[in-house]
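Order-wise, the sequence lines are chains H and B.
Using full-length UniProt numbering, you'd call the opening residue of the first sequence number 1 and step up by one each time.
Using full-length UniProt numbering, you'd call the opening residue of the second sequence number 1 and step up by one each time.
Comments concern the structure below.
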Amino acid sequence: MNTTTGAVALRITDTEPLLSLENVTLRYGQGPTAVTAVEGVSVHLTAGDRLVLLGPSGCGKSSLLRAVGGFQPVDAGTIRLRGSPVGKPGPDRMAVFQEFDQLLPWRTVLGNVRYALQRGRGLDRATADARARDWIGRVGLARVMDAHPHTLSGGMKQRVAIARAFALEPDLLLMDEPFAALDALTRRQMQDELLSLCEQTGATVLFVTHAIDEAVRVGTHVLTLSPHPGRMKGLAAIPPAARQRGTAAFAQLEAALQAGLLGEDNSAAEERRHG
Amino acid sequence: MADATITLPATPRRLHLAGWRKGVLLLILAAVWEGYARHLDNALLLPTFSATVAALVQGFASGELVARTATSLQLLVTGYACGLVAAAALTAFAALSRWGAELLELLTAMLNPLPAVALLPIALLWFGIGAPSLVFVITHAVLWPVALASYAGFRAMPRTLRMAGRNLGLSPLRFVAEILIPAALPQILAGLRLGWAFAWRTLIAAELVFGVSARSGGIGWFIYTNRAQLETANVFAGLLTIILVGLIVETLLFRSAARATVQRWGQEQ
Numbered sequence: 001m002n003t004t005t006g007a008v009a010l011r012i013t014d015t016e017p018l019l020s021l022e023n024v025t026l027r028y029g030q031g032p033t034a035v036t037a038v039e040g041v042s043v044h045l046t047a048g049d050r051l052v053l054l055g056p057s058g059c060g061k062s063s064l065l066r067a068v069g070g071f072q073p074v075d076a077g078t079i080r081l082r083g084s085p086v087g088k089p090g091p092d093r094m095a096v097f098q099e100f101d102q103l104l105p106w107r108t109v110l111g112n113v114r115y116a117l118q119r120g121r122g123l124d125r126a127t128a129d130a131r132a133r134d135w136i137g138r139v140g141l142a143r144v145m146d147a148h149p150h151t152l153s154g155g156m157k158q159r160v161a162i163a164r165a166f167a168l169e170p171d172l173l174l175m176d177e178p179f180a181a182l183d184a185l186t187r188r189q190m191q192d193e194l195l196s197l198c199e200q201t202g203a204t205v206l207f208v209t210h211a212i213d214e215a216v217r218v219g220t221h222v223l224t225l226s227p228h229p230g231r232m233k234g235l236a237a238i239p240p241a242a243r244q245r246g247t248a249a250f251a252q253l254e255a256a257l258q259a260g261l262l263g264e265d266n267s268a269a270e271e272r273r274h275g
Numbered sequence: 001m002a003d004a005t006i007t008l009p010a011t012p013r014r015l016h017l018a019g020w021r022k023g024v025l026l027l028i029l030a031a032v033w034e035g036y037a038r039h040l041d042n043a044l045l046l047p048t049f050s051a052t053v054a055a056l057v058q059g060f061a062s063g064e065l066v067a068r069t070a071t072s073l074q075l076l077v078t079g080y081a082c083g084l085v086a087a088a089a090l091t092a093f094a095a096l097s098r099w100g101a102e103l104l105e106l107l108t109a110m111l112n113p114l115p116a117v118a119l120l121p122i123a124l125l126w127f128g129i130g131a132p133s134l135v136f137v138i139t140h141a142v143l144w145p146v147a148l149a150s151y152a153g154f155r156a157m158p159r160t161l162r163m164a165g166r167n168l169g170l171s172p173l174r175f176v177a178e179i180l181i182p183a184a185l186p187q188i189l190a191g192l193r194l195g196w197a198f199a200w201r202t203l204i205a206a207e208l209v210f211g212v213s214a215r216s217g218g219i220g221w222f223i224y225t226n227r228a229q230l231e232t233a234n235v236f237a238g239l240l241t242i243i244l245v246g247l248i249v250e251t252l253l254f255r256s257a258a259r260a261t262v263q264r265w266g267q268e269q
């Protein structure tokens with residue numbers, strides 16, 4: 001496992017990284033009361049990577065995702081997408097959030113996806129309509145195409161948000177605990193569906209979660225973070241064989257990640273006590 | 001198809017039942033009024049319900065009440081429109097800039113508690129006796145509650161929805177028009193309703209003070225002159241007309257607007 005110094009590439013390639021974080025530090029507030037949420041995170045993603053940010057609450061994983069999305073300023077370091085620093089939020093980085101209220105309530109399922117395509121991709125109505133219908137069908141919601149979001153279940157709303165994000169074909173998909181508010185069965189099913197969509201499209205994903213099994217299931221790589229402030233703790237690649245639930249490899253990786261997270265917590269607390 | 005024949009009548013029937021209960025309550029109120037007025041037996045103080053209805057019917061038949069109501073409504077709609085335009089400009093500015101937000105907060109805190117009628121002396125100085133003065137005070141009555149409610153609606157927008165909107169990289173104007181305003185529609189509609197009630201009240205109160213002019217006064221003026229002539233039944237007929245117009249606007253305009261929008265979208269139950 002890698003340490004916090006130096007940039008970590010998920011894969012050694014000749015190509016330019018799609019997303020690169022260099023020594024990223026995020027703070028909340030100003031002056032002496034400022035709280036450091038994330039400190040010195042450096043990592044590179046190549047197209048097709050699915051990096052899971054894993055850690056307990058307070059490790060700054062969501063802040064990091066929001067900073068990549070442009071929703072939050074970076075206090076030190078740089079975040080580059082295809083070589084240029086990320087600015088304001090844009091459709092090249094489509095986000096799916098945990099909360100169910102991320103859809104426009106006044107638009108139907110079809111309307112939500114179509115509107116995003118028209119505004120985010122500048123497509124004309126007919127083209128946007130066709131592409132929206134295709135993606136809504138791919139997440140299995142063809143029969144509620146004309147329903148308004150408030151009539152859907154939580155899982156269906158998240159499916160619409162996922163369809164909307166994929167339909168825009170962003171450079172990078174940002175997923176901030178998209179399944180955390182779902183029941184266990186739906187969550188599993190959604191993880192499987194997301195995995196298959198990612199594999200079909202080759203999407204590059206930054207995925208935030210605190211669930212270890214979810215990290216192993218959906219990611220190609222897992223970056224573990226320690227809390228207060230969020231620092232990089234370790235980076236692990238997930239071999240395709242370990243992605244299958246119920247296998248020994250899956251359980252082993254899950255146990256190793258858990259041990260790593262708990263161990264770091266204890267030693268960090270120890271350090272604070274003695275330091 | 002069998003489903004449709006069973007489910008279709010359900011909603012109208014429920015509405016019909018709700019209306020029926022209110023109808024009974026209205027009949028009871030009318031009966032109490034009629035009984036008490038007959039017992040009092042003083043048409044100058046309290047005309048009977050039947051006399052009031054007769055005066056109302058006669059007022060409409062002669063065209064006088066219709067003309068008076070039309071005059072009032074015309075002023076009302078003009079002032080209401082002015083108030084809405086001003087409120088829209090102010091809240092859009094407030095939504096887009098910190099300066100605008102502070103300005104709106106300051107102005108509403110200062111001017112919202114000021115009764116519109118209290119501005120009437122100033123309006124008379126500036127615009128003289130006539131329609132412009134009335135439009136001015138109505139604008140004041142509408143502007144602040146509508147601006148306040150809309151701005152509260154903007155602020156109450158869920159953070160996630162805001163981020164999802166920003167994610168599309170919309171221009172500021174598009175963001176306001178296509179995300180912020182629809183998201184705040186429940187509060188905006190509530191503000192429009194409140195503004196309408198304030199405008200109506202302000203207009204009648206202002207008309208009672210001076211009317212537009214004796215010949216083309218509105219419904220407030222109708223009430224005022226009939227009181228002076230001790231035609232108490234006409235005074236009550238004027239009051240009933242105000243209530244009727246209020247009810248019609250409330251049910252036909254605001255309630256159907258809410259049903260077609262925020263209730264259909266689940267933003268309001």
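Quick reminder that beta carbons are idealized off the backbone N, C-alpha and C, glycines included.
Reduced DSSP category for residue 178 of chain B - H, G, I as helix; E, B as strand; rest coil:
Indexing the second sequence from 1 puts residue 178 of chain B at position 178. Helix.
According to DSSP, is residue 234 of chain B helix, strand or coil?
For this step, residue 234 of chain B is matched to residue 234 along the second sequence. Three-state result, residue 234 of chain B: helix.
Would residue 182 of chain B count as contacting chain H if we go by Cβ distances under 8 Å?
As a working mapping, residue 182 of chain B is identified with position 182 in the second sequence. For residue 182 of chain B, a Cβ of chain H is located within less than 8 Å of the residue's own Cβ.
Take residue 93 of chain B as the anchor and find which of B/187, B/218 and B/176 has the nearest alpha-carbon.
Sequence index remark: in the second sequence, residue 93 of chain B carries index 93 (1-based). Selected option, being the one with the closest Cα: B/176.
Applying the 10 Å Cβ sphere with the 16-neighbour rule, what's the burial state of residue 74 of chain B?
Stepping through the second sequence from its first residue, residue 74 of chain B is reached at position 74. So residue 74 of chain B ends up on the exposed side.
Can you give the beta carbon distance from residue 258 of chain B to residue 268 of chain B, rounded, assuming they're within the 8 Å contact cut?
As a first step, residue 258 of chain B must be located in the second sequence, where it is residue number 258. As a first step, residue 268 of chain B must be located in the second sequence, where it is residue number 268. Sure, about 7 Å apart at Cβ, within 8 Å.
Taking 8 Å as the CB-CB limit, is residue 264 of chain B close to chain H?
What you label residue 264 of chain B is simply residue 264 of the second sequence in a count that begins at 1. Yes, residue 264 of chain B lies at the interface with chain H (some Cβ there is under 8 Å from its Cβ).
DSSP-derived helix/strand/coil call for residue 38 of chain H
Within the first sequence, residue 38 of chain H is the residue found at index 38, counting from 1. Of the three classes helix, strand and coil, the one that applies to residue 38 of chain H here is strand, per DSSP.
Threshold first: 3 residues or longer. Then list the beta strand (DSSP E) segments lying entirely within the stretch 181 to 255 of chain H, N to C.
Unbroken beta strand (DSSP E) runs of no fewer than 3 residues, entirely contained in the stretch 181 to 255 of chain H, are found at 205 to 209, 221 to 226 and 231 to 237, following chain order.
With a cut-off of 8 Å on the beta carbons, I'd call residue 260 of chain H and residue 234 of chain H a contact; round off their distance for me.
In the first sequence, counting from the first residue as 1, residue 260 of chain H sits at position 260. In the first sequence, counting from the first residue as 1, residue 234 of chain H sits at position 234. With 8 Å as the limit, residue 260 of chain H and residue 234 of chain H qualify as a contact, their Cβ atoms being about 6 Å apart.
Just checking: is the beta-carbon of residue 163 of chain B within a distance shorter than 8 Å of some beta-carbon in chain H?
Within the second sequence, residue 163 of chain B is the residue found at index 163, counting from 1. Taking Cβ atoms only, chain H reaches closer than 8 Å to residue 163 of chain B, which makes this a yes.
Based on the DSSP output, what are the partners of residue 22 of chain H in its beta bridges?
Here the question's residue 22 of chain H lines up with position 22 in the first sequence. Under DSSP, residue 22 of chain H forms a beta bridge with H/78.
How would you list, in chain order, the residues of chain B whose beta-carbon sits under 9 Å from the beta-carbon of residue 88 of chain H?
Locating residue 88 of chain H in the first sequence gives position 88, where the first residue counts as 1. What residue 88 of chain H touches in chain B: 166 and 169.
Look up residue 94 of chain H in the DSSP assignment and give the residues it is bridged to.
Indexing the first sequence from 1 puts residue 94 of chain H at position 94. Residue 94 of chain H pairs with H/173.
For residue 172 of chain B, decide whether its Cβ has a neighbour in chain H, counting only Cβ atoms nearer than 8 Å.
Here residue 172 of chain B corresponds to residue number 172 of the second sequence, with the count starting at 1. With 8 Å as the cut-off, residue 172 of chain B does not count as an interface residue toward chain H.
Residue 94 of chain H: contacting residues in chain B (beta-carbon distance under 8 Å):
One-based indexing of the first sequence puts residue 94 of chain H at position 94. Simply 167.
Residue 68 of chain H: which of H/57, H/35, H/80 and H/105 sits nearest, CA to CA?
Taking the first residue of the first sequence as position 1, residue 68 of chain H is located at position 68. Closest in C-alpha terms to residue 68 of chain H, from the list H/57, H/35, H/80 and H/105, comes H/80.
Mark residue 41 of chain B as exposed unless 16 or more other C-beta atoms lie within 10 angstroms of its C-beta, in which case mark it buried.
In the second sequence, the residue the question calls residue 41 of chain B occupies position 41. The residue is exposed, with fewer than 16 neighbouring Cβ atoms inside 10 Å.
Short check: CB of residue 203 of chain B to CB of residue 191 of chain B, under 8 Å?
Within the second sequence, the letter at position 203 stands for residue 203 of chain B. Within the second sequence, the letter at position 191 stands for residue 191 of chain B. For residue 203 of chain B and residue 191 of chain B, no; Cβs fall outside 8 Å.
In chain H, which residues lie with their C-beta within 7 Å of the C-beta of residue 71 of chain B?
Working through the second sequence from its first residue, we reach residue 71 of chain B at position 71. Chain-order list of chain H residues neighbouring residue 71 of chain B: empty, with the shortest C-beta distance near 37 Å, by a criterion of under 7 Å.
Taking a cut of 8 Å between CB atoms, which residues from the stretch 179 to 200 of chain H lie near chain C?
Annotation note: the requested chain C is absent from the structure, which comprises protein chains H and B.
Specify, as a first and last residue, the run of the alpha helix (DSSP H) that residue 162 of chain B falls within.
For the purposes of this step, residue 162 of chain B is taken as residue 162 along the second sequence, with counting starting at 1. Taken as a continuous stretch (DSSP letters only), the alpha helix (DSSP H) holding residue 162 of chain B covers 159 to 166.
With DSSP collapsed to three states, give me the class of residue 51 of chain H.
As a working mapping, residue 51 of chain H is identified with position 51 in the first sequence. DSSP places residue 51 of chain H in the strand class (E or B) of the three-state scheme.
Measuring alpha carbon to alpha carbon, tell me which residue in B/246, B/225, B/218 and B/230 is nearest residue 66 of chain B.
Along the second sequence, read from residue 1 onward, the residue named residue 66 of chain B stands at position 66. Checking every option, the nearest Cα to that of residue 66 of chain B belongs to B/218.
For the alpha helix (DSSP H) that contains residue 79 of chain B, what are its first and last residues?
Position 79 of the second sequence, counted from the first residue, corresponds to residue 79 of chain B. Its alpha helix (DSSP H) spans residues 64 to 96.
Mind checking which residues open and close the alpha helix (DSSP H) that includes residue 221 of chain B?
Within the second sequence, the letter at position 221 stands for residue 221 of chain B. Where residue 221 of chain B is concerned, the enclosing alpha helix (DSSP H) starts and stops at 219 to 228.
Closest to residue 229 of chain B by C-alpha separation, out of B/137, B/44 and B/24, would be which residue?
Residue numbering aside, residue 229 of chain B sits at position 229 when the second sequence is read from its first letter. Residue 229 of chain B has its Cα closest to that of B/44, out of B/137, B/44 and B/24.
Residues of chain B with CB closer than 9 Å to the CB of residue 106 of chain H, please, in chain order.
The residue you call residue 106 of chain H lines up with position 106 of the first sequence. In chain order: 182, 183, 185, 261, 262, 264, 265 and 267.
Would you call the stretch 249 to 256 of chain H and the stretch 53 to 68 of chain H in contact, with 3 or more CB pairs under 8 Å?
Touching, no, given that fewer than three Cβ pairs across the two stretches are closer than 8 Å.
Measuring only between beta-carbons, confirm whether residue 101 of chain H sits less than 8 Å from chain B.
What you label residue 101 of chain H is simply residue 101 of the first sequence in a count that begins at 1. Yes, residue 101 of chain H counts as interfacial toward chain B.
Using a Cβ cut-off of 8 Å (strictly closer), state whether residue 119 of chain H contacts chain B.
Indexing the first sequence from 1 puts residue 119 of chain H at position 119. The beta carbon of residue 119 of chain H falls within 8 Å of a beta carbon belonging to chain B, placing the residue at that interface.
With 16 as the cutoff for other CB atoms within 10 Å, does residue 84 of chain H come out buried or exposed?
Counting from one through the first sequence, the residue named residue 84 of chain H turns up at place 84. Per the 10 Å Cβ criterion, exposed.
With burial defined as no fewer than 16 other Cβ atoms inside 10 Å of the residue's Cβ, what is the status of residue 200 of chain H: buried or exposed?
As a working mapping, residue 200 of chain H is identified with position 200 in the first sequence. Residue burial annotation: residue 200 of chain H is exposed, with fewer than 16 other C-beta atoms found within 10 angstroms of its C-beta.
Give me the Cα-Cα distance between residue 233 of chain B and residue 133 of chain B, rounded to the nearest whole angstrom.
For the purposes of this step, residue 233 of chain B is identified with residue 233 of the second sequence, where counting begins at 1. For the purposes of this step, residue 133 of chain B is identified with residue 133 of the second sequence, where counting begins at 1. Approximately 30 Å, taken between the alpha carbons.
In whole angstroms, what separates the C-alpha of residue 99 of chain H from that of residue 149 of chain H?
Counted from its first residue, the first sequence places residue 99 of chain H at position 99. Counted from its first residue, the first sequence places residue 149 of chain H at position 149. The alpha-carbon of residue 99 of chain H is positioned some 13 Å away from that of residue 149 of chain H.
If we ignore side chains and look at the alpha-carbon of each, how far apart do residue 9 of chain B and residue 186 of chain B end up?
Here residue 9 of chain B refers to the residue found at position 9 when the second sequence is read from its first residue. Here residue 186 of chain B refers to the residue found at position 186 when the second sequence is read from its first residue. Summary for residue 9 of chain B: the model assigns pLDDT 46, below 50, so the residue's position carries little reliability, and this model does not support an answer.
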